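First residue of the sequence shown? That's 95 in this note's numbering, and the numbers climb one at a time after it. For glycine and all other residues, C-beta sits at the position ideal for the given N, C-alpha and C. Every value quoted in this text rests on a predicted model; they were computed, and no experiment measured them. Worksheet for the structure shown next.
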Amino acid sequence: GTSCAQVWVAQGTYVIPTGTNGASAFNLRQFLDVRGGFAGTETNVNQRDYVHNPTILVATNGQSIFFNDGTASPVDQTAVLDGFILTGATANPAIYNLDASPIIRNCVFTNNAARAIKNLGIITGANSFITNCLFANNPGGGILNKFSSPTITGCFFVSNSTTAFGGGIDNEQGSLSVFNCTFTGNF
95 GTSCAQVWVA QGTYVIPTGT NGASAFNLRQ FLDVRGGFAG TETNVNQRDY VHNPTILVAT
155 NGQSIFFNDG TASPVDQTAV LDGFILTGAT ANPAIYNLDA SPIIRNCVFT NNAARAIKNL
215 GIITGANSFI TNCLFANNPG GGILNKFSSP TITGCFFVSN STTAFGGGID NEQGSLSVFN
275 CTFTGNF
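Set out below in structure tokens:
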């Protein structure tokens, strides 16, 4: 159902199973806060330690780890993803926001052969808030933004590359806001 407001995910490596017709297994939704970095003994969300209890999500079979489709069901800033390592995306981005605007914070995106995040706005825009994230060693590039207005704050973009444009961030026909971010060795 839709009554769950917060999901706590324990440390460990989770390989995303292939969904129907290759679709990703996870979708964020309004009013859902998904947090990684738990040891399994916490009784309060503030007790988690996502640095020392890494929660790793691995893409398989060319699918995204999260496909957030705001055209099917609203995904706004009440949808939160916090404290995960996302890796292994190949044909599709680790997170694909289609007219979806979640909050993504305290995450690490690494070793993704496709973009780490793709924001694509068709009707309403994909106006994500991406905060305190690390984008490192993604041969598919960091963030691709098309027809959207995300806000990116306090992030690090290190050694990302792509054969297209913007190893760190590629902004196409959108309004991008970037604050207090560091870019090193992206091409």
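Item, Value
"Contacting residues, own chain, Cβ-Cβ under 6 Å from Ile179 (five flanking each side not counted)", "Pro148, Ile150, Val202"
"Opening and closing residue of the beta strand (DSSP E) in which Phe251 lies", "250 to 252"
"CB of Pro111 within 7 Å of CB of Ala104, strictly", "no"
"Chain C contact for Ser167 (CB, 7 Å cutoff)", "This model lacks chain C altogether, as it is built from one protein chain only."
"Val139 (DSSP reduced to helix, strand or coil)", "helix"
"C-alpha gap between Gly131 and Gly279, whole angstroms", "28 Å"
"Strand pairing of Val152, partner residues [DSSP]", "Val109, Thr181"
"CA nearest to the CA of Gly156, picked from Ala183, Phe229, Thr218", "Ala183"
"Closest residue to Thr245 among Leu192, Thr172, Ile198 (Cα-Cα distance)", "Ile198"
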